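Shown next, in structure tokens, is the structure this report addresses.
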Amino acid sequence: MSVSLAGDVICVKYPAEAGEFTYFYKLIDNQLVKYKRLFTML
Numbered sequence: 676m677s678v679s680l681a682g683d684v685i686c687v688k689y690p691a692e693a694g695e696f697t698y699f700y701k702l703i704d705n706q707l708v709k710y711k712r713l714f715t716m717l
């Protein structure tokens, strides 16, 4: 798992058996809101 921060966006990557899940969270009114999910095949 890896976590990176760019401005008000947090990117969390989880390895999976067939690829990698990436979740993007945005800071809105002091709360983290999930706004995007990607799956990348390896």
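Numbering (the numbering used here), first residue to last: 676 to 717. Even for Gly, the Cβ is constructed at its ideal location relative to N, Cα and C. Quick caveat, the model's predicted, so the values are computed rather than measured.
- For E695, DSSP records a beta bridge to P690, T715.
- Distance check between T715 and each of V678, L680, A681, E692 places E692 closest, using alpha-carbon atoms only.
- Counting only the Cα atoms, L717 lies some 36 Å from D704.
- Taking the Cβ atoms as the reference, K701 lies roughly 20 Å from E695, outside the contact range of under 8 Å.
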